[in-house]
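Protein chains in written order, with the numbering used here: chain A, 48 to 615; chain B, 959 to 1355; chain C, 208 to 531. Ideal placement from N, C-alpha and C gives every residue a C-beta, glycine not left out. Owing to the predicted nature of the structure, the values given are computational and were not obtained by experimental measurement. Following: one structure in structure tokens, then a few remarks.
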Amino acid sequence: MVELNPKYLEDVPLTSYSDNAITAIKTGTWKYVQPVYEDKLPACSHVCPAGNDISKAMDLIARGDVAAAARLWRAGNPLASTLGRVCPHPCESECNRRQFGGAIAIHMLERFLGDSSLDESFLPEKARPTGKKVAVVGAGPAGISAAYSLALAGHEVEVFDDKAKPGGYLRTGIPDYRLPKEILDRELALVGSLGVRFTCSTHVGKDITLDDLKQRFDAVIVAVGFHRSRPLAVPGEDHPNVYNGVMLLERILAGERPELPSPVAVVGGGNTAIDVARSLLRLGVEPIIVYRRSRLEMPAIPGEVDEAEKEGVPFHFLTAPSQVVVEDGRITALECLKMRLGEPDESGRRRPLPVEGSEFRLPVAGVVTAIGESADLELLPESARDGWRVAADERFATPVDGVFAAGDAAFGDGTVTAAVGGGRRVAAVVDRRLGGRELPAAAPSLQKLWQRPVEAAHPVYVEQLNVAYFTESPRPQIEEMDAQARRSSFDEVVQGFTDEQAVHEARRCLVCGTCNECCNCLFFCPDVAIHKRNGVVGFEIDTEHCKGCGICVEECPRSALTLVEVES
Amino acid sequence: MRMVVKGNGAVAHAVRLSRAQVVSAYPITPQTSIIEEIATMVAKGQLDARFIKVESEHSALAGCISASSAGARAFTATSAQGLALMHELIHWAAGARLPIVLANVNRAMAPGWSIWTDQNDSLSQRDTGWMQIYCESSQEVVDSVIQAFKVSERVLLPTMVVLDAFFLSHTFEDVEMPEQEVVDSFLPPLELPHKMDLAHPAALGNLVFPDRYMEFRRKMDLAHDLALGVWDEVGREWGQLTGRTYRIVEEYRMDGAELVLVTAATAGSTARPVVDQLREAGVPVGLVRLRVFRPFPASILRSLLGGRAKVLVLDRNCSFGHHGIFHQEVKSALYDLPQAEQPRVCGVIAGLGGRDITPDDLEEMLTGVWKDRITDPVTWWDVLSAQDPAKAALAMS
Amino acid sequence: MAIDTTSYDPRNLHLPDGEILSSGHLACPGCGAALGMRLALKALGPNTMVVIPACCWAVINGPYPFQALSVPVLQVAFETAAISASGIRAALDAQGQKDINVVAWAGDGGTFDIGFQSLSGAVERNDDIIYFCYDNEAYMNTGIQRSSATPYGAWTTTTPVETPKAEPKKNMVEIMVEHRIPYTATASIAFPEDFVRKVEKAKGIPGAKFIHLWISCPAGHKSEERNSVKIARLAVETGVFPLYEVEYGTRYTINHEPAFTDVNAYLELQGRFRHLTEEHVEAMRRNLRWEWERLRAKVEMGRKLSLPPTGVRGAVDEGERTSR
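Structure (structure tokens):
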């Protein structure tokens, strides 16, 4: 090796003979910006009400490590299989793959992950017992979710429910063709395996008071959900062939096959209306959906509306009932008014306005009301109520000390998914409280609860991707039961993914915002300053030689790197 | 083995005997027959070399430089314009310390086109770091090319072996061609210490900042100092093997010489009988023929010329605006002598563009200097005189 | 398990692991020439000798006594890249050293202009070398002067905005093709797999190989450092720099069908084109269409022609090292 600091001419080679490694020159000092690996929140997870770490899980499936993906998914979500079936999957509407062949079938992959992990080995490790006890009122999705996270955190959790079995609306309001009950039971069993106790047939507020719970437990979470159908408030509503949608659905799901007249007008545009209509269809009754706004404003999951339509359910949009017409003691028609849409109301949807003189009669033999539900808040003192909701702040705390609230009863989000997310967040708040720490100003975001750090301030949309690396790849066809066959069966309509389908589909995922070791940064670095880390996922940057050009940041297909200013 | 060969043929045979591994060359009159003969030798398997038939002299030397850098014994030959085109790489080869041997057939520079001899082409390359050796005969050409490889590979500097156009390059002479075994015993295979080597990857020629550059140039100069001794040693060693000993400077009838003719190349053979003749006529004249011009044998010249009365330097070249180049160099060497030992030095510029320098010319020059008829520091020989130099310098016709 | 191959998944970006270029070299941030060398050497491997004439790389490789490559490097005079590689090949052959890639790595000035003659000589002799021209379309090392590789309309310090370059870029690839050498290819740092494949292919072919690598130069193109690969990709996707290869001067293959994104997308990322008017750009579009018509016609022609006959071109004679 040529002498770096020669003393005599003898130490100098014949000519410019250079054999010292140039790594000795620290070109990293040139830079004023430098890249850092920083996973970012993908658009899908940004809108996921349950807070699932979608991109990471997709990457794991794509690598063939389904078990790791399932474990990740179950880290904060006890109802993966359930949600994979009933979630309205807003993630797919935001999926950046949309313009390159269609959104990733995330809901199918959630279902796949859930169904692949229906035993205890996929549960996260439980923390050491804390000796603290939490009561959860309501064994619906919010309560189950909160109980799951709290149990994992080492707390002792008891869930109270007035029904004979836990599950809440999942059991009483979602038909089997969407959610087979054995799936729900298996997920509840997983929650139970963590030591969560379900005390059923116990109506808090009647059989036991909130004060009792406050005395026996260190914290109480109220997650009673919405179960009461609101009335139509039209003449003739008291006829026995006018049914309460929630209760009718509950009876059908419990296995009853009531004698019903036909056709039946199902009034409403939410999931209950659709579920009732599709269930009636399967009982041989002809349902007609009557909704006062247009299809666009329907609160029901669009996919479910599509399915109902496929199965042959007729819809009357912009139609509001004005009277149940009873002749000779029998319902002969539902008198309706045509509506038009006015300015948006506080829900953001356009307000329906009646069209003068547009009355007409829809010949029906019965009516089902499904225009919305409200919570049963009898257990709470007046101070903890806010109209038909539980009064809860951004910390999920009620005005009653030690009492928290989550789910529809408090926030009315209206989806199982949001209830699961709320359960995770309230659990985080309660856990903090039980740990003796101050309550935060607001419950932590769902991403804060993830196993990995993620920059959530700037969700990754297509604009942040380097789309040069993505080409079209079509969304797969989802296997479904034939529409005709469904009319006589409560069997599950949608078929799950096979392993091959799942991996194939996960590989379509652009893994937005998350390093999936595609190696673009590694190979495009002109300074050879990025190295694969030994035995660990990801890369490291040799800051002594990185000149801060930013090619790695630009060429990262998925925005998993960020350029930051170098601290001087 | 005795052979009758031209000077160019002598070069080719010496290259063959030296087992050159890469020849990279481009044709130019009067060099062409060198590379023609080498091409034939390679084609016939008499020389196991790769002959790159390049598209220019520039590439000819570039090919030698890279081949030499990769450890091969490399040779090229050129002349005049070709050498000038190589100029950039002439510097490069020396700076890279590569033992390349180049045969330059001395030819005058254009314009106007001249294919005949003078030394301005090779002497223009004086300051490049190359060693230069001027030959007088085909025998000396053979022996010098072989010696040049040996010296070059010892001191890691390139050598230009120079021979006069036509007077030497195209003149048939009787030559004792050494046997291959003799040459092999004299010239071992090249072991270049800084050659490109996969086992020791290094970059040759990387950027050198001012704090490092000068050391390399100092080492080149030291290598030239060293080379003077090596030329002497190698010339003696060759003598032991072949009976033909070579000196850096050849002296002839220097005993008691008061007038010394200093010249180089074929003018030396023209001069010897003239010296004999003048000696017989009682003029105490001697001859010094510069053989190795770079490194410059200054101290040898001082010891040979110190204390003589007069020195006549015959230049077949000119550094315009100043003297003949050998003349300048000799004078600068003698400046170090004590005043009393300094001879009077006159320069004659003659024979440019191949004009003949005859024995009569030499006799006239020497007699003129001896009899103080020629006293100007520089005399242009055998050339039209100017009535009004200032006018002549610019006159169209 | 069946894996989707219809989508290009960068996870599948497969390049050789070995690194011959080390960090610490003196290239500017975002230098395409450094990236190009890195990728080329990944494909070439350690049994390689590299010739570098005057060009940015003469500096990038480091100041004495440091060097950036773990293979032997010979820095040579500006106009001698090709012959220098030929000389090394001859020397290696003479010394019986086989299976060494001898590579010339020259810029566009050293290839299109000053080194053109020596290059033509070397490929005409079909010397067994791989000649890379890394083309940043001007004399960048000396401070952004026009070369014959500078494209129409571009600003350089010798083609100021008042008189931007009026002539189109010299088509070096076609000049090489007409030497009928065994392999000529274009390549881009934005398509590393294609580039590496071409280098690997070139390694396996005796005779002269010419690879024309388009690279970005943030300093000379007046572009953002981070956009170096992006601009290189756009050069290809706009059709400005087609990725193709030609065997024996006859068989043309287009390696990547461009998206033909509007050329503005490429121009607007580079300050050297900022002065262009819509008329200039329209002229470029017309020229692009014309160039592509020519290229496609050559592909067609190549399909109809057979390769040059054996015995005329040394390279076509199987297994012959033609530099001998």
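Local Cβ density within 10 Å of residue i, reported as buried at 16 or more and exposed below that
i	result
S354(C)	buried
D322(A)	buried
V611(A)	exposed
W421(C)	buried
P1146(B)	exposed
Q146(A)	exposed
Residue span of the alpha helix (DSSP H) that contains residue i, given as start and end
i	result
F1144(B)	Q1138 to F1144
E356(A)	P349 to K357
R479(A)	V463 to L481
G1021(B)	E1015 to S1027
K87(A)	That residue, K87(A), is in no alpha helix (DSSP H); its beta strand (DSSP E) goes K87 to P89.
Beta carbon of residue i nearer than 8 Å to that of residue j
i	j	result
A466(A)	S128(A)	no
V437(A)	A444(A)	no
A113(A)	S163(A)	The question names Ala, yet the displayed sequence has Val at residue 113(A). Contact: yes.
D1122(B)	A1223(B)	yes
A1054(B)	T62(A)	yes
R225(A)	R132(A)	yes
V501(A)	Q494(A)	yes
I418(C)	A394(C)	yes
G214(A)	L199(A)	no
P1301(B)	V1269(B)	yes
V1133(B)	A968(B)	yes
S1277(B)	I1283(B)	yes
H463(C)	L474(C)	no
E1216(B)	G1264(B)	no
Close-in-space but distant-in-sequence residues of the same chain around residue i (CB under 6 Å, 5 per side omitted)
i	result
P227(A)	E539
R479(C)	A361, W362, H428 and K429
F1015(B)	What sits at residue 1015(B) in the sequence shown is Glu, not Phe. Result list for E1015(B): Y984, T1036, G1040, L1043 and M1044, in chain order.
A1344(B)	A1350
H1182(B)	P1253
L512(C)	T457
H363(A)	V337
T987(B)	I1073
L476(C)	S430, N434 and I438
Assigned secondary structure, residue i (DSSP; H/G/I helix, E/B strand, else coil)
i	result
H286(A)	coil
K228(A)	helix
P361(A)	coil
S1261(B)	helix
W435(A)	coil
Q477(C)	coil
D1273(B)	strand
R1194(B)	helix
Q1039(B)	helix
I191(A)	helix
Opening and closing residue of the beta strand (DSSP E) in which residue i lies
i	result
S421(A)	E420 to A422
T1075(B)	Taken as a continuous stretch (DSSP letters only), T1075(B) belongs to no beta strand (DSSP E), as it is neither H nor E.
L156(A)	No beta strand (DSSP E) holds L156(A); the alpha helix (DSSP H) holding it covers I153 to D162.
M1354(B)	Neither: M1354(B) is in no beta strand (DSSP E) and is coded neither H nor E.
E333(A)	No beta strand (DSSP E) contains E333(A), which DSSP labels as neither H nor E.
R340(A)	From DSSP, R340(A) is part of no beta strand (DSSP E); its letter is neither H nor E.
D546(A)	D546(A) -> not in any beta strand (DSSP E); alpha helix (DSSP H) instead, spanning D546 to R555.
R960(B)	R960 to V963
Close-in-space but distant-in-sequence residues of the same chain around residue i (CB under 8 Å, 5 per side omitted)
i	result
V372(A)	G283, I378, T379, A380, L381, E382 and R408
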